[in-house]
Amino acid sequence: MRDGRIILLMGAPGSGKGTQSSLLESQFGFTCISTGAMLREEARQDTSAGFRLRQIMASGELVDDRTVCAAVGSQIKSLVAQSNGSGANLVLDGFPRTVEQAMCLDQLLEEIGMPGPLVLHLDVPQDVLLRRLARRRQCAVCGAIYSLASGPGFAGLSAGGGRCRIDGGTLVERDDDSEGVVSRRLAAYETATLPVLDYYRKRDFRSGIYRRLDGNRNAAEIAKEVCDIVLFFADTAVAA
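Under the numbering used here, read the sequence shown as residues -10 to 229, first letter to last.
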């Protein structure tokens, strides 16, 4: 995407956003950034937003929409400036989480002359999400994600754990993947994030689009669809 594009990979915990983000990074050279990373980076800067973030983080309070939008906006503008006019291709993870943040992003993209975001919604039934998260394991050393389910790259793992194929680290259950926590996370997603999806479905963004992807498939099938969508928009941009 020569002129730059922002892709929003949206979906509930366990929907496979991390897998598809890695694909976009390796296949198309997108820069994958998370809200948490943005906030930590901005907090280190000598700016008014950085100062405000340091105060909030020190107090343990939740970061408000206005502050999150300021930090995200600063990071996006910085990456666009670094692209030297070739356009910044970004995947946003964890933003926007509210309708207010979605509106802020729309205004920012309009301001800097970028098209509206390409929203890829990985839609997975809740019962499937619960099974996936119950089987998910993470390397205690490098953080790589594995599954107890059989499939490419995961063969041989058992309920007793296993070892990371990258560094041999022990595979453990994430604290936020315990049954009680998972139920709360999915409930929070339903409350906070579904209105954001409705916002993107209903609002007519300049050059933006919303696509629902069936996330109840294997990662390779989803990856092929993601690639097809990205290539379509890349070709459309060149033709224009």
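Here a beta-carbon is modelled for each residue, glycine too, at the ideal position from N, C-alpha and C.
Model, not experiment: these values are computed from the prediction.
- In its chain, beyond the 5 residues on either side, no residue has a beta carbon closer than 6 Å to the beta carbon of Arg192.
- Taking a cut-off of 8 Å for Cβ pairs, the stretch 112 to 122 and the stretch 10 to 20 do not touch, as fewer than three such pairs fall below it.
- Listed as beta-bridge partners of Met(-1) by DSSP are His110.
- Membership of Leu12 in any beta strand (DSSP E) is not indicated; the residue belongs instead to the alpha helix (DSSP H) covering 6 to 17.
- Of all alpha-carbon atoms in Asn207, Ala208, Arg200, Gln115, the one lying nearest the alpha-carbon of Val219 is that of Arg200.
- Buried is the label assigned to Phe19, since at least 16 other Cβ atoms lie within 10 Å of its Cβ.
- A distance of 8 Å or more separates the beta carbons of Leu109 and Leu183.
- Of the residues assessed, Lys213 falls on the exposed side of the cut-off, its CB having fewer than 16 other CB atoms within 10 angstroms.
- When secondary structure is reduced to three states using DSSP, Cys58 falls in the helix class.
- Ranked by how close their Cα comes to the Cα of Arg126, the residues Glu179, Met46, Gly151, Met103 have Gly151 in first place.
- Excluding residues up to 5 positions away in sequence, Val130, Cys131 lie with their Cβ nearer than 6 Å to the Cβ of Asp156 in the same chain.
- For Leu42, the CB contacts under 8 Å within the same chain, skipping 5 residues up- and downstream, are Leu28, Glu31, Ala32, Val52, Thr56, Ala60 in chain order.
- Just measuring C-alpha positions, the residue of Ile198, Gln64, Ala70, Asp82 sitting nearest Pro2 is Asp82.
- DSSP, reduced to helix, strand and coil, places Ser23 within a strand of the structure shown.
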